[in-house]
Amino acid sequence: MARMKFLCDAERCIECNGCVTACKNENEVPWGVNRRRVVTINDGVIGAEKSISVACMHCSDAPCMAVCPVDCFYRTDDGVVLHDKDLCIGCGYCFYACPFGAPQFPQAGAFGLRGKMDKCTFCAGGPEPDRSEAEFKKYGRNRLAEGRLPACAEMCSTKALLGGDGDVIADIYRERTTRRNKGFEAWGWGTAYGAGNKGAAPAAGGKS
Amino acid sequence: MRPALLVAAAAAAALLAGCMEVEQTGAGPAKLGKYQGKPDTPAWNNAPLAQGPKWASGDRASWEAEIKQRQSAQNEYQRIERQ
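Chains as they are written, first to last, in our numbering: chain A, 1 to 208; chain B, 209 to 291.
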């Protein structure tokens, strides 16, 4: 059984925002809502700038699901976290619970009215008849029901953003890191938090 | 006297029944922590499009095989070496 996940390779992401554009175009996401965003740290610092594409991570133990007062979230057999917009009351609890800022709320009408929550669906639509007009209008395109992967991952020009079964994309990423001569040190504490040389200047231009 | 009282009590009970709270969901009373929305159909239950990946409608294994092949195509090391 697949567990659909996204994985963004920060070494490859070039902050082109192609994934953001692909998502907006494929799902006709309303103005002001970005289901996917590219976050950059150390912007402009040579050799230290890193970008990563962020959307709903389809958590295995999703906090949005846990806090929803109307229980409008569900997880598909593929591990994709989706929600029923007919039940959503737009309370925003999921937004506060989500560590990735994935839930978005369209701001429309007078008095800053907050609409129903919108988020990345892993291009899997929602609880409407698959590939129907109603599903497209509420949730966007159902590419999984077309046998395709999310548009953002398939459109990524550098293949920094991978989408699919967690095991498959982890294997792809592992092969990449070993080919970059980042064998065993590519995994674990040292890679995540540094080798202990705190305060050292970021590498200039070289491989980080 | 007593039948009149009984009728009045029955009428009061019938009137109060009209004050019941309206159900908020179509699937009966809400259960805490359980999804309350409409059921969704799995992706593999759809027929494949005229163009694009092909699988047998309703056959999960064939759909998963197709989507796995697509996932593996994201690995350009393998894709290039295969060509």
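All C-beta atoms in this analysis are idealised placements derived from N, C-alpha and C, irrespective of residue type, glycine included. Everything numeric in this text was worked out from a predicted model, so none of it was measured.
On the DSSP letters alone, give me the boundaries of the alpha helix (DSSP H) that residue i sits inside.
{"i": "A/Asp167", "result": "166-179"}
{"i": "A/Leu87", "result": "Here A/Leu87 belongs to no alpha helix (DSSP H), and DSSP marks it neither H nor E."}
{"i": "B/Ser270", "result": "268-280"}
{"i": "B/Leu213", "result": "210-225"}
{"i": "A/Met155", "result": "151-155"}
{"i": "A/Thr21", "result": "18-27"}
{"i": "A/Phe136", "result": "133-139"}
{"i": "A/Phe95", "result": "93-97"}
{"i": "A/Met65", "result": "63-67"}
Evaluate residue i with the Cβ neighbour count: other Cβ atoms within 10 Å of its Cβ, from every protein chain shown; 16 or more gives buried, anything less gives exposed.
{"i": "A/Ile169", "result": "buried"}
{"i": "A/Gly206", "result": "In this prediction, A/Gly206 has a pLDDT of 46, which is less than 50 and means its spatial position is unreliable; nothing more can be read from the coordinates."}
{"i": "A/Thr158", "result": "exposed"}
{"i": "B/Val215", "result": "exposed"}
{"i": "B/Trp252", "result": "buried"}
{"i": "A/Ser132", "result": "exposed"}
{"i": "A/Ser212", "result": "As shown, chain A starts at 1 and ends at 208. That puts residue 212 of chain A outside it, with no answer to give."}
{"i": "B/Leu213", "result": "exposed"}
{"i": "A/Asp167", "result": "exposed"}
{"i": "B/Trp271", "result": "buried"}
{"i": "A/Arg36", "result": "buried"}
{"i": "A/Thr76", "result": "buried"}
{"i": "A/Ser208", "result": "With a pLDDT of only 42 at A/Ser208, under 50, the local geometry of the prediction cannot be trusted, and the value read off the model is given with reservation. Exposed, because fewer than 16 other Cβ atoms sit within 10 Å of the Cβ of A/Ser208."}
{"i": "B/Lys242", "result": "exposed"}
{"i": "A/Val81", "result": "buried"}
{"i": "A/Ala22", "result": "buried"}
{"i": "A/Ile14", "result": "exposed"}
{"i": "A/Pro150", "result": "buried"}
{"i": "A/Leu154", "result": "Position check: residue 154 of chain A holds Glu in this sequence, whereas Leu was assumed. Buried, since its Cβ has 16 or more Cβ neighbours within 10 Å."}
{"i": "B/Asn283", "result": "buried"}
{"i": "A/Ala66", "result": "exposed"}
If you measure from the CB of residue i, is any heavy atom of the ligand SAH nearer than 7 Å?
{"i": "A/Cys56", "result": "With respect to the ligand SAH, the structure shown offers nothing to examine, as it has no ligands at all."}
Determine the direct distance from the alpha carbon of residue j to that of residue i, and round the result to whole angstroms.
{"i": "A/Val38", "j": "A/Val20", "result": "7 Å"}
{"i": "A/Gly140", "j": "B/Leu257", "result": "17 Å"}
{"i": "A/Asp84", "j": "A/Val33", "result": "18 Å"}
{"i": "A/Cys16", "j": "A/Gly126", "result": "28 Å"}
{"i": "A/Asp118", "j": "B/Ala281", "result": "29 Å"}
{"i": "A/Leu249", "j": "B/Leu223", "result": "Because residue 249 of chain A is not part of the residues shown, which for chain A are 1 to 208, the question remains open."}
{"i": "A/Arg3", "j": "A/Ser60", "result": "8 Å"}
{"i": "A/Asn27", "j": "B/Tyr285", "result": "30 Å"}
{"i": "B/Trp263", "j": "B/Lys246", "result": "26 Å"}
{"i": "B/Ala273", "j": "B/Pro250", "result": "15 Å"}
{"i": "B/Ala221", "j": "A/Leu144", "result": "53 Å"}
{"i": "A/Leu87", "j": "A/Glu175", "result": "43 Å"}
{"i": "A/Ala102", "j": "B/Arg268", "result": "29 Å"}
{"i": "A/Ala134", "j": "B/Asp248", "result": "13 Å"}
{"i": "A/Lys138", "j": "B/Pro211", "result": "58 Å"}
{"i": "A/Asp165", "j": "A/Tyr173", "result": "12 Å"}
{"i": "A/Cys94", "j": "A/Thr177", "result": "34 Å"}
{"i": "A/Gly47", "j": "A/Ile41", "result": "11 Å"}
{"i": "A/Phe73", "j": "A/Ala97", "result": "13 Å"}
{"i": "A/Pro30", "j": "A/Arg12", "result": "29 Å"}
{"i": "A/Gln107", "j": "A/Phe136", "result": "20 Å"}
Please report the Cβ distance between residue i and residue j, rounded to the nearest whole angstrom; I am assuming they are in contact, meaning their Cβ atoms lie under 8 Å.
{"i": "A/Cys123", "j": "A/Asn142", "result": "7 Å"}
{"i": "B/Pro261", "j": "B/Arg287", "result": "Their Cβ separation, rounded to whole angstroms, is 16 Å, which puts B/Pro261 and B/Arg287 out of contact at 8 Å."}
{"i": "B/Gln244", "j": "A/Asp71", "result": "5 Å"}
{"i": "A/Phe105", "j": "A/Cys56", "result": "At roughly 14 Å, the Cβ-Cβ gap does not stay under 8 Å, so A/Phe105 and A/Cys56 are not in contact."}
{"i": "A/Gly90", "j": "A/Lys116", "result": "5 Å"}
{"i": "A/Lys24", "j": "A/His58", "result": "Contact doesn't hold; Cβ gap of about 19 Å is too wide."}
How far does the beta strand (DSSP E) with residue i in it reach, from first residue to last?
{"i": "A/Val54", "result": "50-54"}
{"i": "A/Val38", "result": "37-41"}
{"i": "A/Phe73", "result": "73-75"}
{"i": "A/Phe6", "result": "4-8"}
{"i": "A/His83", "result": "81-83"}
What residues from chain E crowd round residue i, counting only those whose CB sits closer than 9 Å?
{"i": "A/Asp9", "result": "Chain labels in this structure do not include chain E; the protein chains are A and B."}
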